[in-house]
Amino acid sequence: MNNKSFKLGLLSLFLMLSFHIQAQEGMPKGWKVGSQAYTFRLFSLEETLEKLNSIGVKYVEMYPGQKISKSGNETTDFTSITADGKAKIKALLNKYDIEAVAYGVVNASDEDLPKLFDFAKELGIGILTSESKPNQFDQIEKLCEEYQIKLALHNHPVPSYYWHPEVASRMLEGRSELMGVCADIGHWVRSGLNPVDCLKQLEGRIISLHIKDLNKFGVRDAHDLPWGTGTSNVAGVLHELHRQGFEGAFSAEYEHNWENNLPDVEESIAYFKRVAAQL
């Protein structure tokens, strides 16, 4: 075997192995499934990452106000975090081999917006999840373009400002592609909206998602169930996103059984992967 044939053989082997790994992972291109750290709000970020690492999760969405470490009182609040606090977060993410893909839900004053984008850039966070109002959009758009960081509008249930997808769709018309939505399908369900229909209304503007599967439809105090067992039609949501060619982050936001919800998160992500593998 000559040198050229040997190199071609190695390349073929590499491509086959890459394909095999992707097939095993069972994820459409660009899909990253992880957890909102708020799922573990009773625990520190350090404990959250330890939990996620124990079930093989590689992505986290941080939120403001969570204690960073088991000991100490400094939090992930971008307005008050110290250089030492940011260094601790970086070290923890590295230790547990987890990527911080997003930060939120976070709102900022006009004065603090540059500080928020600086914070995200320093930690390598590519998405800011927010419910910022349209009167800040000019400033936000400039910062998104300057930092190449995305701003994703989040929906809480009715009567919050962005509860209906029509509002975000209208407010984002003509704006940068770096501005879009973080689709919280559970809050749509709480508001009596069909998540698949909502996603269709927002096609082309979906940056990330918060996934919840709720025990009741159209009921504000409904609670989370493992994905695939509730009323949110998680499988339908994934099929619709695949149809749209969506690439981005999914965060499990499990707001129930707070003291011991890691098994529910693990079951939910396993369901996600089973559905994704069939797309």
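As numbered in mature numbering (1 follows the signal peptide of the UniProt record, and there is no 0), residues -23 to -1, 1 to 256 make up the sequence shown, in order. Each residue gets a CB set at the ideal place from its N, CA and C atoms; glycine is no exception. Keep in mind that this is a model prediction, so the values were computed, not measured.
> What residues in its chain sit with their C-beta under 6 Å from that of LEU239, if we drop five residues either side in the sequence?
Replying inline: To locate residue 239, count along the sequence shown from 1; it is residue 262. So the qualifying residues of the chain are LYS28.
> Which residue spans inside the stretch 186 to 232 form an unbroken alpha helix (DSSP H) run of at least 4?
Replying inline: As far as the stretch 186 to 232 is concerned, its whole alpha helix (DSSP H) runs of at least 4 residues are 211 to 221.
>> By the three-class DSSP mapping on this structure, what secondary structure does LYS67 have?
In response: Numbered from its first residue, the sequence shown carries residue 67 at position 90. In this structure, LYS67 counts as helix in the three-state DSSP scheme.
> Just the Cα atoms here: how many angstroms apart are LEU256 and GLY222?
Replying inline: Working through the sequence shown from its first residue, we reach residue 256 at position 279. Working through the sequence shown from its first residue, we reach residue 222 at position 245. Spanning the two alpha carbons is a distance of roughly 11 Å.
> Going straight from the alpha carbon of GLU232 to that of GLU88, what length do you get?
Replying inline: What you label residue 232 is simply residue 255 of the sequence shown in a count that begins at 1. What you label residue 88 is simply residue 111 of the sequence shown in a count that begins at 1. Straight through space, the alpha carbons of GLU88 and GLU232 are spaced by roughly 32 Å.
>> Considering Cα atoms alone, identify which of THR206, VAL252, ARG220 and LEU186 is closest to GLN13.
In response: Looking up residue 13 in the sequence shown gives position 36. With distances taken between Cα atoms, GLN13 lies closest to LEU186.
> With distances taken between CB atoms, is the gap from MET148 to ILE117 smaller than 8 Å?
Replying inline: Within the sequence shown, residue 148 is the residue found at index 171, counting from 1. Within the sequence shown, residue 117 is the residue found at index 140, counting from 1. The beta carbons of MET148 and ILE117 sit no closer together than 8 Å.
>> Cutting at 8 Å between CB atoms, please list the residues of its own chain near LEU90, excluding the five before and the five after it.
In response: For the purposes of this step, residue 90 is identified with residue 113 of the sequence shown, where counting begins at 1. Sequence-distant Cβ neighbours of LEU90 in its own chain, meaning closer than 8 Å and more than five residues away, are GLN113, GLN116, ILE117 and LEU120.
>> Helix, strand or coil, according to DSSP, for LEU176 in the structure here?
In response: Here the question's residue 176 lines up with position 199 in the sequence shown. For LEU176, the three-state secondary structure derived from DSSP is helix.
> From the DSSP output, which residues share a beta bridge with ALA129?
Replying inline: Locating residue 129 in the sequence shown gives position 152, where the first residue counts as 1. Paired residues: THR106 and GLY157.
>> Taking its Cβ as the centre, do 16 or more other Cβ atoms sit within 10 Å of GLN1, making it buried, or is it exposed?
In response: Here residue 1 is taken as the residue at index 24 of the sequence shown, counted from 1. At GLN1, the pLDDT of 41 sits below 50, so the modelled position is not reliable and the matter cannot be decided from this model.
> Just to confirm, are LYS189 and GLU230 a CB contact at a threshold of 8 Å?
Replying inline: Here the question's residue 189 lines up with position 212 in the sequence shown. Here the question's residue 230 lines up with position 253 in the sequence shown. Taking the C-beta atoms as reference points, GLU230 is found nearer than 8 Å to LYS189.
> Would you say GLU108 and TYR139 are within 8 Å of each other, going by their C-beta atoms?
Replying inline: Here residue 108 corresponds to residue number 131 of the sequence shown, with the count starting at 1. Here residue 139 corresponds to residue number 162 of the sequence shown, with the count starting at 1. Taking 8 Å as the Cβ cut-off, GLU108 and TYR139 qualify as a contacting pair.
> Any idea what DSSP makes of TYR15, helix, strand or coil?
Replying inline: As a first step, residue 15 must be located in the sequence shown, where it is residue number 38. In the three-state reduction of the DSSP assignment, TYR15 falls in the helix class, which pools H, G and I.
> Is the distance from the Cβ of ILE126 to the Cβ of ALA97 below 8 Å?
Replying inline: Mapped onto the sequence shown, residue 126 falls at position 149. Mapped onto the sequence shown, residue 97 falls at position 120. It is a contact, given that the beta carbons lie within the stated cut-off.
>> Rounded to whole angstroms, what is the Cα-Cα separation between HIS141 and ILE246?
In response: Position 164 of the sequence shown holds residue 141. Position 269 of the sequence shown holds residue 246. When only Cα atoms are considered, HIS141 and ILE246 end up about 27 Å apart.
> Per DSSP, GLU38 forms a beta bridge with which residues?
Replying inline: For the purposes of this step, residue 38 is taken as residue 61 along the sequence shown, with counting starting at 1. In the DSSP assignment, the residues bridged to GLU38 are GLN13 and ALA79.
>> Looking at VAL83: is its Cβ nearer than 8 Å to the Cβ of LYS9?
In response: In the sequence shown, the residue the question calls residue 83 occupies position 106. In the sequence shown, the residue the question calls residue 9 occupies position 32. The criterion of a C-beta distance shorter than 8 Å is not satisfied by VAL83 and LYS9.
>> I'd like to check one pair, ALA212 with VAL252: are the Cβ atoms closer than 8 Å?
In response: Here residue 252 refers to the residue found at position 275 when the sequence shown is read from its first residue. Here residue 212 refers to the residue found at position 235 when the sequence shown is read from its first residue. Cβ atoms of VAL252 and ALA212: closer than 8 Å.
> Rounded to the nearest angstrom, how far is the Cβ of ARG167 from that of LEU202, given a contact under 8 Å?
Replying inline: Taking the first residue of the sequence shown as 1, we reach residue 167 at position 190. Taking the first residue of the sequence shown as 1, we reach residue 202 at position 225. With a Cβ gap of about 14 Å, ARG167 and LEU202 do not count as contacting.
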